[in-house]
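For reference, the structure discussed in these notes is given below.
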Amino acid sequence: MLSEKYRPQNLADVVGRDDIVESLVKYKKSKSIPNILMIGPAGTGKTTLAKLWIKYLHGESYKLNAMELNSSDENSIEVVRTKIKEFVIKKSLGSNYPKIVFLDEADRMSLASQGALKKIMESYDAKFILCANSDNIDAPIKSRCVVYRFNDLKDEDIEQRLKYIIEHENLEVSDKDINKIIKNASGDMRQAINLLQSVNGGIELSEEITNYKLLDLNIKDFEDKILYKYEAKKIIEKLFNEVIKAKKYDKISALATADYRVSLQTIKTLQVLDAFMQVKGE
Ligand SMILES: Nc1ncnc2c1ncn2[C@@H]1O[C@H](COP(=O)(O)OP(=O)(O)OP(=O)(O)O)[C@@H](O)[C@H]1O
Ligand SMILES: [Mg+2]
Numbered sequence: 090m091l092s093e094k095y096r097p098q099n100l101a102d103v104v105g106r107d108d109i110v111e112s113l114v115k116y117k118k119s120k121s122i123p124n125i126l127m128i129g130p131a132g133t134g135k136t137t138l139a140k141l142w143i144k145y146l147h148g149e150s151y152k153l154n155a156m157e158l159n160s161s162d163e164n165s166i167e168v169v170r171t172k173i174k175e176f177v178i179k180k181s182l183g184s185n186y187p188k189i190v191f192l193d194e195a196d197r198m199s200l201a202s203q204g205a206l207k208k209i210m211e212s213y214d215a216k217f218i219l220c221a222n223s224d225n226i227d228a229p230i231k232s233r234c235v236v237y238r239f240n241d242l243k244d245e246d247i248e249q250r251l252k253y254i255i256e257h258e259n260l261e262v263s264d265k266d267i268n269k270i271i272k273n274a275s276g277d278m279r280q281a282i283n284l285l286q287s288v289n290g291g292i293e294l295s296e297e298i299t300n301y302k303l304l305d306l307n308i309k310d311f312e313d314k315i316l317y318k319y320e321a322k323k324i325i326e327k328l329f330n331e332v333i334k335a336k337k338y339d340k341i342s343a344l345a346t347a348d349y350r351v352s353l354q355t356i357k358t359l360q361v362l363d364a365f366m367q368v369k370g371e
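Using the working numbering, the first residue of the sequence shown is number 90, and each one after it goes up by one.
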């Protein structure tokens, strides 16, 4: 999907976040790295910036020195106590900066896990980056972080990025449609890019998966005929096309989330099945 294809690959590609980027760059220069909490609505660049910041900070050794956990998948207290602790207990390698633990969707962590997290923050040199949609973060954790507020992106920032994508993809989209997309996205860049893709009639698919109508399949047939036979990304793209055709625009975000997650180290089929059940459900 275009929203994943055009996830910014470096800090300069991120639109509308100049003040935050500037501040993050300064922290690297000053060599004093804080814990960071990014709070804001969906599709405004939190996960993107968190990851770019980790790469910017550690350069080539970022894979050794950063650990990423999606809190809504792995929010058990055991994960915090064992996985994170194991990682932070040793110092960083090939980098002068502290190790970074990236916890996405941190507001979905249980209170118990947040408590365990707080203890680790107090006891080790590693630094944390937390992303959240809400302020549902334990006060003692929050008070240990520099908090960045991500507000809705401005229309002109969204317009700039959409035009960049339109140019690079050689799309034909009228100004009227661009304006409609921007208005509908209301500050959510992911939504804007998904809508851009939908006005273009979806994604071109060349495989035999096009012969199926996935939304008509029950879950068992979906598992038997599709889930293990086709690449996760292809299935998501096919579902995307069907969802657009059925004008079920509210289902797009479930697919965008799955598209992101299958690009991580997760069990891909589970993510696809979950998205399928979400888009099928009324
Ligand atoms: N500021 C931005 N500049 C350029 N692209 C952006 C920006 N913000 C979001 N995007 C686009 O939207 C997609 C989703 O962004 P991202 O995953 O960073 O959102 P998020 O704030 O973490 O949302 P959520 O709260 O749902 O996790 C990215 O893949 C990218 O294509
Ligand atoms: Mg995110």
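Here a beta-carbon is modelled for each residue, glycine too, at the ideal position from N, C-alpha and C.
Mind listing, in chain order, the residues whose beta carbon lies closer than 6 angstroms to a non-hydrogen atom of ligand 3? What this structure holds is ligand 1 and ligand 2, not ligand 3.
Roughly how many whole angstroms lie between the Cα atoms of E211 and K174? On the sequence shown, position 122 is the one that residue 211 refers to. On the sequence shown, position 85 is the one that residue 174 refers to. Cα-Cα distance, rounded: 12 angstroms.
Give the straight-line distance between the Cα atoms of Y151 and D264, rounded to the nearest whole angstrom. Mapped onto the sequence shown, residue 151 falls at position 62. Mapped onto the sequence shown, residue 264 falls at position 175. So the two alpha carbons sit approximately 41 angstroms from each other.
Assigned secondary structure, N124 (DSSP; H/G/I helix, E/B strand, else coil): Mapped onto the sequence shown, residue 124 falls at position 35. Three-state result, N124: strand.
Report the rounded CA-to-CA distance for T246 versus G105, giving the unit in angstroms. To locate residue 246, count along the sequence shown from 1; it is residue 157. To locate residue 105, count along the sequence shown from 1; it is residue 16. Residue 246 is actually Asp in this sequence, not Thr. Taking the straight line joining both Cα atoms gives about 6 angstroms.
Using only the alpha-carbon positions, how far apart do A205 and D266 sit? The count along the sequence shown starts at 1 and reaches residue 205 at position 116. The count along the sequence shown starts at 1 and reaches residue 266 at position 177. One alpha carbon belongs to A205, the other to D266, and they sit about 49 angstroms apart.
Proximity below 9 angstroms, CB of K188 to CB of K180: Here the question's residue 188 lines up with position 99 in the sequence shown. Here the question's residue 180 lines up with position 91 in the sequence shown. Going by C-beta atoms, K188 is nearer than 9 angstroms to K180.
If you pair each beta-carbon of the region 129–137 with each one of the region 315–325, do three or more pairs fall below 8 angstroms? no
Give the single residue among K117, S287, D244, L251 whose Cα lies nearest to the Cα of K272. By 1-based counting over the sequence shown, the position of residue 272 is 183. Comparing Cα positions, the closest option is D244.
Is S92 near ligand 1 - that is, is its Cβ less than 8 angstroms away from at least one heavy atom of it? Translated into the one-based positions of the sequence shown, residue 92 becomes position 3. S92: yes, Cβ under 8 angstroms from ligand 1.
Coarse secondary structure for L316, derived from DSSP in three states: Indexing the sequence shown from 1 puts residue 316 at position 227. The answer is helix: DSSP assigns L316 an H, G or I state.
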